[in-house]
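Numbering (our numbering), first residue to last: 3 to 359. What follows is a set of notes on a single structure, which appears directly below.
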């Protein structure tokens with residue numbers, strides 16, 4: 003049986019999947035090496051508008067800064083742990099303590115096969131809009147198939163296997179294939195990450211964004227997280243008013259600069275003035291400046307610089323990002339209402355306890 007969820011936005015899709023698990027009608031008990039789960043085999047999501055990519059109904063709220071940082075870590079083809087760990091210090095609990103991650107998506111896409119799959123995919127589709135042969139491969143059987151005993155080769159085996167890209171009616175259609183998907187922990191980050199990738203890639207090609215199709219062969223929720231699905235609320239999504247679409251040359255320059263600034267924001271020694279200067283990214287596209295503002299605000303929050311965090315976040319002009327940031331602060335603060343938290347901003351230095359992959 004295939005379960006199909008068709009919605010307009012990522013948040014609507016995620017909420018619909020939560021309701022399916024809460025009903026228990028199609029899910030089955032499935033043990034795993036980490037713990038018992040409820041599983042839905044062969045689940046598909048079809049999202050009409052990938053520009054509305056953020057899951058805002060999740061409680062506790064996701065950390066948008068970490069989701070942004072991880073996305074551009076992937077786009078840059080990196081596998082180093084240092085780039086991510088400032089933003090989520092719990093990562094080693096999932097992927098092990100290491101200098102580089104075994105299953106890093108970006109490294110797999112841009113370096114693992116000794117050539118840049120992303121660049122070649124761009125060239126192929128730019129030359130031939132009718133191609134049905136553009137597949138971006140993350141899974142590597144040489145590195146990822148279990149040992150003959152069934153023991154995993156690593157704590158960090160990729161969950162996302164591949165992406166298939168097609169142009170139809172001058173729009174980029176994106177299909178993401180996932181072998182194992184945690185609805186509560188992983189799906190909100192997968193949606194944000196690959197839909198951003200889709201929009202950026204469409205910009206390289208000079209075309210519009212089409213729909214996003216997500217095939218999860220094992221969509222599951224760990225039993226200890228099932229009660230959290232009951233906290234999901236019907237929240238009106240703020241619109242994403244930014245466009246990440248740029249020419250390939252300009253996009254690569256902007257992404258490189260953004261990653262440089264993210265790296266500087268994660269330095270242990272960073273003064274308040276330096277942080278403000280890094281966040282003040284002049285002569286850059288507003289969409290990328292807004293992403294950096296959220297990341298910089300989180301860097302300030304983690305350093306307990308309340309005034310600077312509020313000031314930087316309030317400069318963000320994207321309603322969707324502001325909504326995400328507000329809900330994240332509501333989570334880590336636990337005191338202020340969602341409507342007032344941006345203006346009053348009482349902060350703690352809690353770290354999200356999940357990995358976004």
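We put the beta carbon where it would ideally sit given N, CA and C, even for glycine.
Reduced DSSP category for residue i - H, G, I as helix; E, B as strand; rest coil
i: residue 180; result: strand
i: residue 162; result: strand
i: residue 233; result: coil
i: residue 249; result: coil
i: residue 105; result: coil
i: residue 45; result: strand
i: residue 74; result: helix
i: residue 225; result: helix
i: residue 186; result: coil
i: residue 91; result: coil
i: residue 131; result: coil
i: residue 27; result: coil
i: residue 32; result: strand
i: residue 168; result: strand
i: residue 208; result: coil
Contact belief for residue i with residue j at Cβ below 8 Å, rounded distance in angstroms
i: residue 65; j: residue 83; result: Residue 65 to residue 83, Cβ: 17 Å. No contact.
i: residue 225; j: residue 40; result: 7 Å
i: residue 7; j: residue 18; result: 5 Å
i: residue 186; j: residue 230; result: 6 Å
Alpha-carbon to alpha-carbon, residue j and residue i
i: residue 156; j: residue 146; result: 8 Å
i: residue 318; j: residue 151; result: 51 Å
i: residue 48; j: residue 330; result: 27 Å
i: residue 276; j: residue 245; result: 28 Å
i: residue 132; j: residue 173; result: 11 Å
i: residue 287; j: residue 256; result: 8 Å
i: residue 161; j: residue 181; result: 6 Å
i: residue 56; j: residue 320; result: 12 Å
i: residue 216; j: residue 166; result: 10 Å
i: residue 60; j: residue 52; result: 18 Å
i: residue 10; j: residue 322; result: 16 Å
i: residue 295; j: residue 75; result: 17 Å
Exposed unless 16 or more other CB atoms sit within 10 angstroms - verdict on residue i
i: residue 285; result: exposed
i: residue 2; result: This structure leaves residue 2 out entirely; the chain is present only between 3 and 359.
i: residue 262; result: exposed
i: residue 119; result: buried
i: residue 191; result: buried
i: residue 20; result: buried
i: residue 241; result: exposed
i: residue 3; result: exposed
i: residue 203; result: buried
i: residue 232; result: exposed
i: residue 115; result: exposed
i: residue 1; result: Residue 1 is absent from the model: the chain starts at 3 and stops at 359.
Test item: CB-CB of residue i and residue j under 7 Å
i: residue 218; j: residue 183; result: yes
i: residue 127; j: residue 136; result: yes
i: residue 223; j: residue 28; result: no
i: residue 58; j: residue 175; result: no
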